[in-house]
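Each remark here refers to the structure printed beneath this line.
Chains as they are written, first to last, in the working numbering: chain W, 1 to 461; chain L, 1 to 461.
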């Protein structure tokens with residue numbers, strides 16, 4: 001759960017609930033949207049991607065369970081399988097048709113570039129808020145959107161360099177249509193497809209929510225392995241990191257009202273009507289009181305990275321557009337994330353002020369050149385929802401990874417066990433392996449993706 | 001000159017012009033603005049900051065000349081002192097009054113916190129376009145704006161941590177008004193003052209240009225040494241780097257239509273009327289032709305980092321909002337930079353389409369903690385206008401610095417000589433020290449700021 005209205009799901013130090021069998025296919029169960037989206041809501045209880053022809057679904061992934069998908073390396077653990085778990089996940093193989101020939105003229109190209117499927121792998125974590133509905137819809141939908149978007153530009157993806165013009169023919173490196181000038185790379189087209197897929201999925205979710213009279217939103221963190229590269233697309237506050245023997249590298253950054261302050265303030269500057277006179281665009285170190293009127297206090301506006309002082313006017317006493325800090329920071333007093341899917345109908349409590357105009361569905365995409373990385377046997381990518389990162393730093397996770405994997409080299413389920421161990425370590429008291437006594441009260445989902453392939457001594461795709 | 005309409009000032013490989021004596025005080029000479037701002041214009045010929053009470057002016061700095069300011073280490077060289085040089089510079093000591101007491105009640109604080117001046121040092125490079133007027137105005141004005149902005153918040157600057165409330169009294173660390181929560185640091189208030197100073201200066205320039213019927217704009221790169229830190233504020237395409245024995249660190253980044261594509265496209269998305277139906281917001285790999293109508297071509301919109309494909313419509317054939325790449329990229333076909341001062345009246349040739357709404361005067365500020373750095377004797381900051389960086393990479397400049405300084409350890413003017421040598425090396429042919437045969441045709445100005453102080457073995461302030 002990214003939004004902070006109700007985070008306590010696991011009791012500190014208590015045992016993890018036992019894995020539950022997969023439930024029936026999730027069809028959105030009607031429930032009434034609470035005006036301030038607090039607490040749990042009734043609804044579907046687990047991820048279900050059974051409709052997806054191109055993704056082998058993770059059905060209600062239970063902790064420690066090895067997933068039945070053929071690449072065989074990715075593992076998933078969901079920490080907290082309560083009835084109202086808002087974390088959802090999906091993973092599987094992506095199959096993208098390389099060509100879509102319609103005209104007779106194109107037939108001749110078939111012999112040169114036979115129709116085939118470009119295959120990749122897909123892992124996704126969705127952290128819902130205001131109920132699990134949006135997260136379930138995203139887990140059921142996003143991979144299909146991505147497949148569709150990739151198929152629409154596949155000639156650009158399979159070419160050495162994307163052609164300026166998609167002629168409907170298979171494009172080979174000697175094609176004069178190649179665009180040298182801008183240095184546009186194949187990966188730029190995959191990034192574009194991921195960006196478009198997130199937006200398309202957001203539109204689908206909006207329609208589905210409206211049709212079923214439901215509400216909610218979710219963050220989305222997606223990793224796609226394609227042609228020797230790993231693409232990590234993030235919209236929200238989940239996180240992916242690369243852990244190697246000598247390196248810890250963030251593969252995503254978080255999008256919250258704090259990290260996107262300037263974008264959000266700027267929007268309110270351009271369209272002040274979005275605040276309906278109820279909020280102030282300016283940031284102050286704390287909520288101002290009547291006593292502050294006329295005082296000269298610290299503030300920041302949209303164009304500022306630094307802080308300055310201003311004399312407090314009456315309008316500055318309004319509730320701030322972004323308020324609180326760290327895990328408590330809220331957009332319009334309501335939402336803890338600034339990017340994600342859904343939330344089309346989300347409004348500030350007891351007002352008609354919409355959140356959606358301030359939210360972006362477009363992800364930030366990072367590209368990891370796995371082939372170039374020459375991965376070693378214990379190099380992994382760890383993807384997890386915010387509950388993990390609330391209590392474990394990147395370095396702490398890396399230490400746990402580096403301690404666990406070499407000690408369990410012969411265990412065929414060791415990546416799964418590692419994901420489980422990471423979640424366990426967020427439930428530790430002072431006696432735990434980190435000795436920090438930090439406890440997470442949030443749902444947590446973790447993927448551990450090994451990059452090494454025994455066959456090639458390289459990326460495991 | 002940042003904008004690319006007329007760059008050839010120095011003949012390749014030719015000798016540098018001899019230094020000229022300082023001219024009379026620059027009072028803006030009226031000249032007619034050419035509609036497309038091509039070629040040189042008549043106007044004042046050299047920087048003149050003689051009006052500044054708080055900055056000891058650099059008067060028409062000639063190459064190799066040691067500057068008469070008391071810190072004694074900063075050196076300046078302007079490469080090309082043609083009559084219409086658009087590069088301008090200023091440097092000197094900043095004196096900021098620590099307190100400004102008005103009421104009797106405050107008098108008691110004077111004994112605790114005596115009135116004194118907080119002193120710093122200031123270096124600034126301005127690279128004009130459309131004539132030197134804006135650059136001269138900036139060189140004459142910006143330091144005063146900065147002093148004023150710093151004095152307005154000086155209690156926040158001298159405090160260990162800036163207080164939430166400026167009470168008009170001198171604030172000591174035990175003051176209950178300190179804002180712990182947000183972790184706002186003294187340097188954030190200096191950054192805020194720099195941001196405000198650039199904006200104030202831009203307004204002053206706008207008024208002066210309007211009053212005198214003149215035009216033009218300039219980039220601005222400023223370094224301020226204050227309380228053991230070096231603040232580098234940049235609006236435009238000049239650059240500052242730190243060069244140490246084992247490190248080269250960029251202290252600024254460039255703001256051009258290419259680097260700020262998403263911000264500029266987004267503005268056009270919010271306010272399409274700014275394009276007056278004459279330009280397309282979308283980016284394509286090349287200018288589209290009638291033949292492309294109906295084709296599926298690569299494009300990017302404001303929300304995209306990647307590239308996608310779209311079917312070309314008639315409106316896509318319009319001239320692109322941002323066109324060209326690298327040094328040739330232009331905003332609205334006119335301007336090569338996206339941040340800077342001035343340009344209030346700049347319009348697209350033969351239209352009423354304004355450039356100014358797309359330009360930001362606010363700089364990006366980087367902070368270098370010089371005290372913490374424990375600088376060595378040959379650690380320097382190199383600031384230069386784009387002409388230098390067009391032909392020399394950061395690493396190449398660093399190699400020249402590391403070769404030159406140890407070999408000239410006894411020369412009291414070695415930083416000045418180094419700045420001169422850097423400019424010379426942009427005029428070399430194949431036989432030059434870099435052996436790369438690159439030649440800059442642009443005005444070039446360079447500051448070399450040594451960080452080491454013999455007295456303290458630390459920062460030289």
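We put the beta carbon where it would ideally sit given N, CA and C, even for glycine.
- At a cut-off of 7 Å between C-beta atoms, residue 166(W) counts as an interface residue with respect to chain L.
- The beta carbon of residue 369(W) lies closer than 6 Å to those of 229 in the same chain, with the five residues before and after it left out.
- The distance from the Cβ of residue 157(L) to that of residue 119(L) is about 12 Å, inconsistent with a contact at the 8 Å cut-off.
- About 35 Å separates the beta carbon of residue 371(W) from that of residue 442(W), a gap too long to meet the 8 Å contact definition.
- For residue 414(L), the enclosing alpha helix (DSSP H) starts and ends at 414-424.
- The alpha-carbon of residue 361(W) is positioned some 7 Å away from that of residue 235(W).
- Membership of residue 357(L) in any beta strand (DSSP E) is not indicated, and neither H nor E is assigned to it by DSSP.
- Rounded to the nearest whole angstrom, the CA to CA distance from residue 231(L) to residue 357(W) is 36 Å.
- A contact is defined here as three or more CB-CB pairs under 8 Å, and the region 376-396 of chain L meets this definition with respect to the region 417-429 of chain L.
- When Cβ pairs closer than 8 Å are counted between the two stretches, the region 326-340 of chain L is seen not to touch the region 292-304 of chain L, the count staying below three.
- Straight-line spacing of the CA atoms in residue 198(W) and residue 325(W) works out to 27 Å.
- The Cβ neighbour count for residue 245(L), taken over all protein chains shown within 10 Å, is under 16; the residue is labelled exposed.
- At the C-beta level, residue 323(L) and residue 217(L) stay beyond 7 Å of one another.
- Of all residues in the region 297-319 of chain W, only 297, 298, 300, 303, 304, 305, 306, 307, 308, 309 come within less than 8 Å of chain L when Cβ atoms are compared, listed by chain position.
- With a cutoff of 7 Å on beta-carbon distance, residue 139(L) and residue 88(L) are scored as near each other.
- With a 10 Å radius around the Cβ and a threshold of 16 neighbouring Cβ atoms, residue 202(W) comes out buried.
- Only residues of its own chain outside the window of five on either side were considered, and among them 120, 190 have a CB closer than 7 Å to the CB of residue 226(W), listed in chain order.
- When the alpha-carbon of residue 444(W) is set against those of 126(W), 271(W), 308(W), the nearest one is in 126(W).
- Per DSSP, reduced to three states, the secondary structure at residue 283(L) is strand.
- Collapsing the DSSP output to three states places residue 445(L) in a strand.
- According to the DSSP assignment, residue 184(W) belongs to no beta strand (DSSP E), since it is labelled neither H nor E.
- For the region 151-162 of chain L, the set of residues with a beta-carbon nearer than 8 Å to any beta-carbon of chain W comprises 152, 153, 156, 162, in chain order.
- Around the CB of residue 188(W), 16 or more other CB atoms lie within 10 Å, so the residue is classed as buried.
- Runs of the beta strand (DSSP E) spanning 3 or more residues and lying entirely within the region 326-405 of chain L occur at 364-369, 380-384, in chain order.
- For the C-beta of residue 188(L), the chain W residues within less than 7 Å are, from N- to C-terminus, 306, 307.
- Exposed is the label assigned to residue 407(W), since fewer than 16 other Cβ atoms lie within 10 Å of its Cβ.
- With its beta carbon less than 7 Å from one in chain W, residue 295(L) belongs to the interface.
- Looking at the backbone, the Cα of residue 380(L) and that of residue 237(L) are separated by about 20 Å.
- Note on geometry: alpha-carbon atoms of residue 200(W) and residue 96(W) lie some 17 Å from one another.
- Of all residues in the region 191-224 of chain W, those with a C-beta nearer than 9 Å to a C-beta of chain L are 191, 192, 193, 194, 195, 196, 199, reading in chain order.
- Against chain L, the beta carbon of residue 270(W) has neighbours under 7 Å at 270, listed in chain order.
- Taking residue 341(L) as reference, the option from 258(L), 122(L), 131(L) with the minimal CA-CA separation is 131(L).
- Inter-residue distance for residue 394(L) and residue 290(L) is about 42 Å (C-alpha atoms, whole angstroms).
- For chain W, the residues of the region 271-290 of chain L that bring a beta carbon within less than 7 Å of one of its beta carbons are 285, 286, in chain order.
- Boundaries of the beta strand (DSSP E) harbouring residue 308(W): 308-311, taken from the DSSP string.
- If you draw a straight line from the Cα of residue 259(W) to the Cα of residue 116(W), it is about 42 Å long.
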